[in-house]
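Participant: So for the sequence shown, my numbering puts the first residue at 1; every next one is plus one. Questions regarding the structure given below will be posed in turn.
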Amino acid sequence: MKRFKSAWIVGLVIITALLLLILYRYISYQNLPVIHMKASNITIRQDEELPALSVDVEVDKEDEMIEDENDYSVSDLVKELQEGKHYQIVHTDDLSKEGEYQLEIKLDDETQKKIDKDWKWRVRLELEDGSMTILNKYGDWEGKKFLKTDGTYASGWMDLGTSTYYFNEQNEYVTGEQKIGNTTFYFSDEGILDENKNTINPAKPMLALTFDDGPGKYTMDVLNLLEQQKARATFFVLGDNVPKFPEEIKKMSELSCEIGNHSTSHPNLKKLDKSQIQYQLQTTEDRIYQIIGKESTLVRPPYGAVNETVRSYIDKPIVLWTVDTLDWKYRDTEYIKKYIIENAKDGEILLMHDIHQTTVEAMKEVIPELVEEGYQLVTVSELKEFRDVGRAVS
Ligand code: ZN
Numbered sequence: 001m002k003r004f005k006s007a008w009i010v011g012l013v014i015i016t017a018l019l020l021l022i023l024y025r026y027i028s029y030q031n032l033p034v035i036h037m038k039a040s041n042i043t044i045r046q047d048e049e050l051p052a053l054s055v056d057v058e059v060d061k062e063d064e065m066i067e068d069e070n071d072y073s074v075s076d077l078v079k080e081l082q083e084g085k086h087y088q089i090v091h092t093d094d095l096s097k098e099g100e101y102q103l104e105i106k107l108d109d110e111t112q113k114k115i116d117k118d119w120k121w122r123v124r125l126e127l128e129d130g131s132m133t134i135l136n137k138y139g140d141w142e143g144k145k146f147l148k149t150d151g152t153y154a155s156g157w158m159d160l161g162t163s164t165y166y167f168n169e170q171n172e173y174v175t176g177e178q179k180i181g182n183t184t185f186y187f188s189d190e191g192i193l194d195e196n197k198n199t200i201n202p203a204k205p206m207l208a209l210t211f212d213d214g215p216g217k218y219t220m221d222v223l224n225l226l227e228q229q230k231a232r233a234t235f236f237v238l239g240d241n242v243p244k245f246p247e248e249i250k251k252m253s254e255l256s257c258e259i260g261n262h263s264t265s266h267p268n269l270k271k272l273d274k275s276q277i278q279y280q281l282q283t284t285e286d287r288i289y290q291i292i293g294k295e296s297t298l299v300r301p302p303y304g305a306v307n308e309t310v311r312s313y314i315d316k317p318i319v320l321w322t323v324d325t326l327d328w329k330y331r332d333t334e335y336i337k338k339y340i341i342e343n344a345k346d347g348e349i350l351l352m353h354d355i356h357q358t359t360v361e362a363m364k365e366v367i368p369e370l371v372e373e374g375y376q377l378v379t380v381s382e383l384k385e386f387r388d389v390g391r392a393v394s
């Protein structure tokens, strides 16, 4: 009986001691110095550079020791944290997507290990995430209006990264079927241009490739490249060559490429009289018409030689170029590739010649690369509708 009683007392003492120990630990833990770290909240616009991310570090008791042997105190740790040591701020890498994201404070492995073990009864660390808001880089929606970052409302065509809109005179986006200029466009109820129903997106870059002096034996290669890339170009053909390459003329028409009149035998029209000029142009028209039942839509005089007199005899738009590749002179595939890629810009009309093998070789890389870069390869007449090409039009 006595033995039983003493065992009972020993048990009670042990349990009490354990409870006291737990209570002591709990109270000690509650009394530990607390370092509170809070990542800041920031707001940026898409693709903006990330500003320096800051973390607020606060502590309630600074004088306590963390490592007695190293004379390392809480205030030492706080100072180092304030200097940006021992942690990283983890965030999304993709600054191109609108949205709200976390800014997470992550201690480096070594510090995290110390906090969990060696410093467990010396200091507590509380980490509070911050937030990163990424706004549309072009501005902000206000109902059907879009306030741009420059403080004005969007008007006309506007590409907002993923979607294209057209804003009317009230600065509101349009919906449904809309005739803008000479073209009918289709928009969703949210105002987004339906790119499947429209062949051209006026808000995106476009340029016109033009080929003079053909058709020739390499022209079909150019046409096949255009077909593969769903692209178009303009061919200013010579009447003397047209009957030799009827398949090429048919294919140009099938691919919705534009056919222009470059005279019959490439004379300087400024040196000809009215009847000679009319003969040069009309012969080419007749030969094109015989093949596809349609006339050309533009004229480009040989050498770009045009004056008031020549102009007065021509009743179609006369279009020259804005970028002369000088491909006929250099006959160098690498040179032509490099020159075009460097000079390709929205709204340009590039002059080339499809009778040179070096030019056509260059096109094998140039056409896919321009498409890849986001250029719409359009005809001269299409470009004229959406861009000011006044400097190329006589
Ligand atoms: Zn020419």
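We put the beta carbon where it would ideally sit given N, CA and C, even for glycine. Nothing here was measured: the structure is a model prediction, and the numbers come from that model.
#1: Pull up the distance between the alpha-carbon of Tyr-313 and that of Asp-286, whole angstroms please.
#2: Output needed for Glu-361: all residues of its chain with C-beta closer than 8 angstroms, excluding positions within five of it in sequence on either side, in chain order.
#3: Is His-356 near the ligand ZN, with its Cβ less than 7 angstroms from a heavy atom?
#4: Taking its Cβ as the centre, do 16 or more other Cβ atoms sit within 10 Å of Pro-243, making it buried, or is it exposed?
#5: Between Ile-134 and Gln-46, which are expected to be in contact by the criterion C-beta below 8 angstroms, what is the C-beta distance as a whole number of angstroms?
#6: Report buried or exposed for Tyr-289, applying the criterion of at least 16 other Cβ atoms within 10 angstroms of its Cβ.
#7: Consult DSSP for Gln-229 and reduce its assignment to one of helix, strand or coil.
#8: Considering only heavy atoms of the ligand ZN, does any lie closer than 7 angstroms to the CB of Pro-302?
#9: Roughly how many angstroms lie between the CA atoms of Met-352 and Asp-213, to the nearest whole one?
#10: Buried or exposed for Glu-403, going by 16 or more other Cβ atoms inside 10 Å?
#11: Between the C-alpha atoms of Gln-82 and His-36, what's the straight-line distance to the nearest angstrom?
#12: Since Ser-155 and Asn-171 should fall inside the 8 angstroms C-beta cutoff, what is the C-beta to C-beta distance between them, to a whole number of angstroms?
#13: Go ahead and pull the three-state DSSP assignment for Asp-56.
#14: Going by C-alpha distance, which of Gly-374, Ile-349 and Glu-126 is nearest Gln-30?
#15: Confirm the yes/no value for this check: CB of Asp-240, any heavy atom of the ligand ZN, distance under 7 angstroms.
#16: I need the DSSP call for Asn-261, collapsed to helix, strand or coil.
#17: For the stretch 79 to 98 and the stretch 50 to 59, state whether three or more C-beta atom pairs, one from each stretch, are separated by less than 8 angstroms.
#18: Can you check which of these residues, Glu-128, Val-366 and Val-237, is closest to Thr-284 by C-alpha distance?
#19: In the DSSP assignment, the alpha helix (DSSP H) including Ile-115 goes from what residue to what residue?
#20: The ligand ZN and Asp-327: does any heavy atom of the ligand fall closer than 7 angstroms to the residue's C-beta?
#21: What residues match up with Trp-157 in a beta bridge as DSSP calls it?
#22: Measuring CB atoms only, is the stretch 179 to 188 touching the stretch 204 to 212, in the sense that at least three cross pairs come out at less than 8 angstroms?
#23: Buried or exposed for Leu-377, going by 16 or more other Cβ atoms inside 10 Å?
#24: Identify, in the order they occur along the chain, each residue of the same chain with its Cβ nearer than 8 angstroms to the Cβ of Thr-322, setting aside the five sequence neighbours on each side.
#25: Could you tell me which of Lys-38, Arg-122 and Ile-277 sits nearest to Ser-75, measuring between CA atoms?
#26: Taking all protein chains shown into account, do 16 or more other C-beta atoms lie within 10 angstroms of the C-beta of Tyr-375, making it buried, or fewer, making it exposed?
#27: Count the CB pairs spanning the stretch 160 to 170 and the stretch 219 to 228 that are closer than 8 angstroms, and state whether there are at least three.
#28: Helix, strand or coil for Ala-208 per DSSP?
#29: Please list, in chain order, all residues of the same chain as Arg-331 whose beta carbon is under 7 angstroms from its beta carbon, the five residues on each side excluded.
#30: For Met-65, I'd like the list of residues in its chain whose CB is within less than 6 angstroms of its CB, leaving aside the five on either flank, ordered along the chain.
#31: Which whole-angstrom value is the C-beta distance of Pro-301 and Leu-269, which I expect to be below 8 angstroms?
#32: When you compare only the Cα positions, how much space is there between Met-132 and Leu-147?
#33: Buried or exposed: Glu-100, going by 16 or more other Cβ atoms within 10 Å of its Cβ?
#34: What's the call for Val-366, buried or exposed, on a 16-neighbour Cβ count within 10 Å?
#35: Can you check whether the CB of Thr-175 is closer than 8 angstroms to the CB of Glu-258?
#36: May I ask which residues mark the beginning and end of the beta strand (DSSP E) holding Ile-44?
Facilitator: By the coordinates alone:
#1: Counting from one through the sequence shown, the residue named residue 313 turns up at place 313. Counting from one through the sequence shown, the residue named residue 286 turns up at place 286. Distance between the alpha carbons of Tyr-313 and Asp-286 is about 17 angstroms.
#2: Counted from its first residue, the sequence shown places residue 361 at position 361. Non-local C-beta neighbours of Glu-361 in its own chain, meaning closer than 8 angstroms and more than five positions away in sequence, comprise Thr-333, ordered along the chain.
#3: Locating residue 356 in the sequence shown gives position 356, where the first residue counts as 1. No - the ligand ZN has no heavy atom lying nearer than 7 angstroms to the Cβ of His-356.
#4: As a position in the sequence shown, residue 243 is number 243, starting the count at 1. Exposed: under 16 other Cβ atoms inside 10 Å.
#5: Here residue 134 corresponds to residue number 134 of the sequence shown, with the count starting at 1. Here residue 46 corresponds to residue number 46 of the sequence shown, with the count starting at 1. Contact between Ile-134 and Gln-46 holds: their C-beta atoms lie close to 6 angstroms from each other, under 8 angstroms.
#6: Here the question's residue 289 lines up with position 289 in the sequence shown. Classified as exposed, Tyr-289 has fewer than 16 neighbouring CB atoms from the shown chains inside 10 Å of its CB.
#7: On the sequence shown, residue 229 is found 229 positions in, with the first residue counted as 1. Here Gln-229 sits in coil by DSSP.
#8: Indexing the sequence shown from 1 puts residue 302 at position 302. For the ligand ZN, at least one heavy atom lies less than 7 angstroms from the Cβ of Pro-302.
#9: What you label residue 352 is simply residue 352 of the sequence shown in a count that begins at 1. What you label residue 213 is simply residue 213 of the sequence shown in a count that begins at 1. A straight-line Cα-Cα distance of about 9 angstroms links Met-352 and Asp-213.
#10: There is no way to answer for residue 403, as the model of the chain reaches only from 1 to 394.
#11: Reading the sequence shown from its first residue, position 82 is the one you call residue 82. Reading the sequence shown from its first residue, position 36 is the one you call residue 36. Answer to the nearest angstrom: the Cα atoms are 11 angstroms apart.
#12: Within the sequence shown, residue 155 is the residue found at index 155, counting from 1. Within the sequence shown, residue 171 is the residue found at index 171, counting from 1. With a Cβ gap of about 6 angstroms, Ser-155 and Asn-171 count as contacting.
#13: As a first step, residue 56 must be located in the sequence shown, where it is residue number 56. Note: Asp-56 maps to strand in three-state DSSP.
#14: Position 30 of the sequence shown, counting from 1, holds the residue named residue 30. Here the closest residue by C-alpha is Glu-126.
#15: Position 240 of the sequence shown, counted from the start, is the residue given in the question as residue 240. Checking the Cβ of Asp-240 against the ligand ZN gives no.
#16: Taking the first residue of the sequence shown as position 1, residue 261 is located at position 261. When DSSP states are grouped into helix, strand and coil, Asn-261 belongs to the strand group.
#17: In short, these stretches touch, since the Cβ pair count reaches three.
#18: Residue mapping note: residue 284 aligns to position 284 of the sequence shown, counting from 1. The residue with the shortest Cα to Cα distance from Thr-284 is Val-237.
#19: Here residue 115 corresponds to residue number 115 of the sequence shown, with the count starting at 1. Ile-115: member of the alpha helix (DSSP H) spanning 109 to 116, first to last residue.
#20: In the sequence shown, residue 327 corresponds to position 327, counting from 1. Because no heavy atom of the ligand ZN lies under 7 angstroms away, the Cβ of Asp-327 does not count as near it: no.
#21: For the purposes of this step, residue 157 is identified with residue 157 of the sequence shown, where counting begins at 1. DSSP lists Tyr-166 as partners of Trp-157.
#22: Counting Cβ pairs under 8 angstroms, fewer than three are found: no touch.
#23: Here the question's residue 377 lines up with position 377 in the sequence shown. Burial call: buried.
#24: Translated into positions along the sequence shown, residue 322 becomes position 322. Excluding positions up to five away in sequence, the list reads Gly-347, Glu-348, Ile-349, Leu-350, Val-389, Arg-391 and Ala-392.
#25: Counting from one through the sequence shown, the residue named residue 75 turns up at place 75. When only C-alpha atoms are compared, the closest one is Arg-122.
#26: As a first step, residue 375 is located in the sequence shown; it is residue number 375 there, counting from the start. Tyr-375 is buried by the Cβ-count criterion.
#27: No, the stretch 160 to 170 is not in contact with the stretch 219 to 228.
#28: As a working mapping, residue 208 is identified with position 208 in the sequence shown. Note: Ala-208 maps to strand in three-state DSSP.
#29: Locating residue 331 in the sequence shown gives position 331, where the first residue counts as 1. A distance below 7 angstroms between beta-carbons, with the five flanking residues on each side excluded, links Arg-331 to the following residues of its chain, in chain order: His-356 and Thr-358.
#30: For the purposes of this step, residue 65 is identified with residue 65 of the sequence shown, where counting begins at 1. The residues Ser-73, in chain order, have a CB closer than 6 angstroms to that of Met-65 in the same chain once the five nearest residues on each side in sequence are set aside.
#31: Within the sequence shown, residue 301 is the residue found at index 301, counting from 1. Within the sequence shown, residue 269 is the residue found at index 269, counting from 1. About 5 angstroms separates the two Cβ atoms, so the contact holds.
#32: Position 132 of the sequence shown, counting from 1, holds the residue named residue 132. Position 147 of the sequence shown, counting from 1, holds the residue named residue 147. As the crow flies, the alpha-carbon of Met-132 is around 22 angstroms from that of Leu-147.
#33: Walking along the sequence shown from the start, residue 100 turns up at place 100. Exposed, because fewer than 16 other Cβ atoms sit within 10 Å of the Cβ of Glu-100.
#34: Within the sequence shown, numbered from 1, the residue matching residue 366 stands at position 366. With 16 or more Cβ atoms within 10 Å of its Cβ, Val-366 is classed as buried.
#35: As a first step, residue 258 must be located in the sequence shown, where it is residue number 258. As a first step, residue 175 must be located in the sequence shown, where it is residue number 175. At the C-beta level, Glu-258 and Thr-175 stay beyond 8 angstroms of one another.
#36: Within the sequence shown, numbered from 1, the residue matching residue 44 stands at position 44. Taken as a continuous stretch (DSSP letters only), the beta strand (DSSP E) holding Ile-44 covers 42 to 45.
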